[in-house]
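Quick notes on the structure that follows.
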Amino acid sequence: MRIAVVGIGNMGSWIAKELAKDGNSVAVYDTNPSRTERIVGADIRALGSISELGDFSPELLVNAVNIEKTTEVFSGFLGFLAPGCMIADVASVKGELPSYYESCGFSFVSVHPMFGPTFANVEDLRKENAVIISESCDEGKEFFRSFFSSLGLNVFEYSFLEHERMMAYSLALPFVSSMVFAACMDKTAVPGTTFAKHKAIAKGLFSEDDHLLAEVIFNPEALSQVEKVTGRLEYLKHIIRDKDFKEAQRFFSKLRENME
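In structure tokens form, the structure reads like this:
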């Protein structure tokens, strides 16, 4: 299949290289030419301009730009695509994409590889997950299910709404926890092993783009997760104030059950 990948950051670069390994003809475009130059080779060609899309005539366009630019980039590229071309996004938060897809006139497939190529072991993805949005076209779902499965990923299918609700739990909850940890950071402290591990996670989080961080915590479902955190903290404060060992034991037991 002829596939164009737009936005050659960490995720876009990884997707382009894996699609090329899978036998597809891949072309890449980024407003920063140095990004495309890093991955061009026998199976990957660089597009010097948007207009070159017409000559390449992709059967699938994968949009891997920053979240805040996803629909804008789609709109700028659609005029150079053949009517039968599928369009795809890999956004962590889908936001306005459902309404955009309804009116764009192209078949679409929306996916979410739930790992960051910077931190995941991309040589062994068997413990990693990917989501395919159920409203996507059948051809697109079949293509990405086959692609993800070939990499050993666990593949799940959710609707747009289900995905956003799940992201409020699986992304917003750990994001907020790391933000609170970072907000309380004392640079003069001597860190132990547990502290150092938490710090490494927080540093990894804040290496992400600000728009991604904001989109995750602005998820309409995220506030309920934050309220759950503050509620549990109030309960923990009560235990600490009273030095209630029995209640602390019950709390610890519940936490261990949650971790199973």
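Heads up: the sequence shown begins at 33 in the numbering used here, then just goes up one per residue.
Idealized CB from N, CA, C, for every residue including glycine.
As the structure is a computational prediction, the values presented were derived from the model and not from experiment.
### Message
On the criterion of 16 or more Cβ atoms from any shown chain inside 10 Å, does His-270 qualify as buried, or is it exposed?
### Response
Burial call: exposed.
### Task
Thinking Phe-179 and Val-141 are a contact (beta carbons under 8 Å), I'd like their distance in whole angstroms, please.
Rounded, the Cβ-Cβ distance is 11 Å, inconsistent with contact.
### Task
Taking all protein chains shown into account, decide if Leu-63 is buried (16 or more other Cβ within 10 angstroms of its Cβ) or exposed.
Checking the sequence, you will find Thr at residue 63 rather than Leu. Thr-63 should be labelled exposed.
### Query
Rounded to a whole number of angstroms, what is the C-alpha to C-alpha distance between Phe-227 and Ser-209?
If you take the alpha carbons of Phe-227 and Ser-209, they lie about 13 Å apart.
### Task
Find out if the Cβ-Cβ distance for the pair Ile-99, Leu-244 is shorter than 7 Å.
Inclusion of Ile-99 and Leu-244 in the CB contact set at 7 Å is warranted, their separation being smaller than that value.
### Query
Taking the alpha-carbon positions, what's the Gly-137 to Phe-250 distance?
Going by the C-alpha atoms only, they are around 28 Å apart.
### Query
What do you reckon, are the CB atoms on Val-212 and Phe-188 nearer than 7 Å?
Here Val-212 is not near Phe-188, since their CB atoms are 7 Å or more apart.
#### Entry: Cβ shell of Phe-192 (< 7 Å), same chain only, five flanking positions each side left out
Within the same chain, Phe-192 has close Cβ partners Lys-126, Pro-130, Ile-165 and Glu-167.
### Query
Name the DSSP bridge partner or partners of Tyr-164?
The identity of residue 164 in the sequence shown is Ile, whereas the question assumes Tyr. Note: Ile-164 sits in a beta bridge opposite Val-143 and Glu-189.
### Query
If you draw a straight line from the alpha carbon of Ala-123 to that of Glu-240, how long is it in whole angstroms?
Approximately 13 Å, taken between the alpha carbons.
### Query
What residue does the alpha helix (DSSP H) around Ala-309 start on, and which one ends it?
Residue 309 falls outside the range modelled here, since the chain spans only 33 to 292, and no answer is possible.
### Query
Rounded to a whole number of angstroms, what is the C-alpha to C-alpha distance between Ala-214 and Lys-231?
Annotation: Ala-214 to Lys-231 spans about 8 Å, alpha carbon to alpha carbon.
### Message
Taking the straight line between their C-alpha atoms, what separation do you get for Pro-115 and Glu-194?
### Response
Near 29 Å, if we compare the C-alpha coordinates of Glu-194 and Pro-115.
### Message
Which same chain residues end up closer than 6 Å to Ser-57 when comparing Cβ atoms and leaving out the 5 residues on each side of it in sequence?
### Response
The beta carbon of Ser-57 sits closer than 6 Å to those of Arg-34, all from its chain and outside the five residues before and after it, given in chain order.
### Message
Using 8 Å for Cβ pairs, my map puts Ala-120 next to Asn-95. What's the rounded Cβ distance?
### Response
Confirmed, Cβ separation roughly 7 Å.
### Supposed close pair Phe-207, Val-248 - CB separation, criterion 8 Å
Right, the Cβ-Cβ distance comes to about 5 Å (below 8 Å), so this counts as a contact.
#### Entry: Neighbourhood of Leu-237 by C-beta distance below 6 Å, restricted to the same chain and skipping five residues each side
Contacts found: Ser-210.
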